[in-house]
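As numbered in my numbering, residues 125 to 307 make up the sequence shown, in order.
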Amino acid sequence: MDLNKLFKAMLVAVPMFALTACGSTSQSETDSSSSTSSGSTSGQSGEYANGGVQTGGAEPVLTPQEQQRLKEQELRRENIIYFDFDRSEVQTANAEILRAHGNYLVENPNVRVLIEGHADERGTPEYNIALGERRAKAIAKYLQSMGVMPSQMSVVSYGEEKPLDFSRTETGFAKNRRGVLVY
Numbered sequence: 125m126d127l128n129k130l131f132k133a134m135l136v137a138v139p140m141f142a143l144t145a146c147g148s149t150s151q152s153e154t155d156s157s158s159s160t161s162s163g164s165t166s167g168q169s170g171e172y173a174n175g176g177v178q179t180g181g182a183e184p185v186l187t188p189q190e191q192q193r194l195k196e197q198e199l200r201r202e203n204i205i206y207f208d209f210d211r212s213e214v215q216t217a218n219a220e221i222l223r224a225h226g227n228y229l230v231e232n233p234n235v236r237v238l239i240e241g242h243a244d245e246r247g248t249p250e251y252n253i254a255l256g257e258r259r260a261k262a263i264a265k266y267l268q269s270m271g272v273m274p275s276q277m278s279v280v281s282y283g284e285e286k287p288l289d290f291s292r293t294e295t296g297f298a299k300n301r302r303g304v305l306v307y
């Protein structure tokens, strides 16, 4: 059998890819590169390590849907909704957080959430229990308007019984006026 015919047959049957590099450099290129890297030793790091080739992982390109999913996942880490003094209306500042929780619950109908209502210690215990319940129900109503099933939500009020901050300052009172989503 003719070797040329065999070689041609192999080229047709198995595509081959070749990567070549030139190993020669002129003296002027060698001089200029050594003058710019004078003082550097074999322990190079950073951009010029590996012979001037930058290495590292590439950032993955995310679709808009993946970006939104990651954003909502990050927002769901925030599970406390704060309220104004003696109020039970959900503030627009909390809308994005509640949308993230609502979307998650709609997409996962088997997941249940407990919504806790809390109040600061000003007012009678009975009043604060009722206020905490109104706050928890306001969050539940918001989520339900997004399509979350009522069977996925439970509401409980702790009133002033479980404060986050015991300081009796305006800042402490503000931290205690809250609704908490517990999964």
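Every residue, glycine too, gets a C-beta built ideally from N, C-alpha and C.
Bear in mind the structure is a predicted one, so any value in this text is a computation, not a measurement.
Excluding sequence positions up to five away, which residues of its chain have a Cβ less than 8 Å from the Cβ of residue 260? Position 136 of the sequence shown, counted from the first residue, corresponds to residue 260. The residues are 239, 240, 241, 279, 280, 281 and 303.
Given that a residue counts as buried once 16 or more other Cβ atoms are within 10 Å of its Cβ, and exposed if not, what is residue 185? Here residue 185 corresponds to residue number 61 of the sequence shown, with the count starting at 1. Exposed is the call here.
With a 10 Å radius around its C-beta and 16 neighbouring C-beta atoms as the bar for buried, classify residue 234 as buried or exposed. In the sequence shown, residue 234 corresponds to position 110, counting from 1. By the 10 Å Cβ count, residue 234 comes out exposed.
Where residue 252 falls, given that 16 or more other Cβ within 10 Å makes a residue buried: Taking the sequence shown and counting its residues from 1, the one referred to as residue 252 is at position 128. Under this definition residue 252 is a buried residue.
For residue 290 and residue 270, I'd like the C-alpha separation in whole angstroms. On the sequence shown, position 166 is the one that residue 290 refers to. On the sequence shown, position 146 is the one that residue 270 refers to. In a straight line, the C-alpha of residue 290 is about 35 Å away from that of residue 270.
Residue 256 versus residue 182 - alpha carbon distance: As a first step, residue 256 is located in the sequence shown; it is residue number 132 there, counting from the start. As a first step, residue 182 is located in the sequence shown; it is residue number 58 there, counting from the start. Each residue's alpha carbon lies about 48 Å from the other.
Determine which residues share a DSSP beta bridge with residue 225 and list them. Mapped onto the sequence shown, residue 225 falls at position 101. BP columns for residue 225 are empty, so no partner.
Let me know if residue 275 comes out buried or exposed under the rule of 16 or more other beta-carbons within 10 Å of its beta-carbon. Against the sequence shown, residue 275 aligns to sequence position 151. Result: exposed.
Confirm, please, whether the CB-CB distance from residue 264 to residue 277 is below 7 Å. Here residue 277 corresponds to residue number 153 of the sequence shown, with the count starting at 1. Here residue 264 corresponds to residue number 140 of the sequence shown, with the count starting at 1. Contact flag set, yes.
Look at the alpha carbon of residue 287 and the alpha carbon of residue 245, and state the distance between them as a whole number of angstroms. Your numbering for residue 287 matches position 163 in the sequence shown. Your numbering for residue 245 matches position 121 in the sequence shown. Those two C-alpha atoms are separated by around 8 Å.
Cutoff 6 Å; reference residue 222; Cβ partners in own chain excluding five residues on either side: Counting from one through the sequence shown, the residue named residue 222 turns up at place 98. Cβ within range, chain order: 266.
Since residue 283 is in the beta strand (DSSP E), which residue starts that stretch and which ends it? In the sequence shown, the residue the question calls residue 283 occupies position 159. Residues 277 to 283.
Exposed or buried, residue 227, counting other C-beta atoms within 10 Å across all chains shown (16 or more means buried)? On the sequence shown, position 103 is the one that residue 227 refers to. With 16 or more other Cβ atoms within 10 Å, it is buried.
Alpha carbon to alpha carbon, how far is residue 190 from residue 232? Position 66 of the sequence shown, counting from 1, holds the residue named residue 190. Position 108 of the sequence shown, counting from 1, holds the residue named residue 232. Each residue's Cα considered, the two are about 17 Å apart.
Straight-line Cα distance separating residue 249 from residue 220: Translated into the one-based positions of the sequence shown, residue 220 becomes position 96. Translated into the one-based positions of the sequence shown, residue 249 becomes position 125. Roughly 31 Å between the two C-alpha positions.
Output needed for residue 299: all residues of its chain with C-beta closer than 7 Å, excluding positions within five of it in sequence on either side, in chain order. In the sequence shown, the residue the question calls residue 299 occupies position 175. For residue 299, where only same-chain residues beyond five positions count, the Cβ hits under 7 Å are 288 and 289.
Cross-strand partners of residue 238 (DSSP beta bridge): Residue mapping note: residue 238 aligns to position 114 of the sequence shown, counting from 1. Bridge partners of residue 238: 278 and 306.
DSSP beta-bridge partners for residue 204? Taking the sequence shown and counting its residues from 1, the one referred to as residue 204 is at position 80. According to DSSP, residue 204 bridges with 304.
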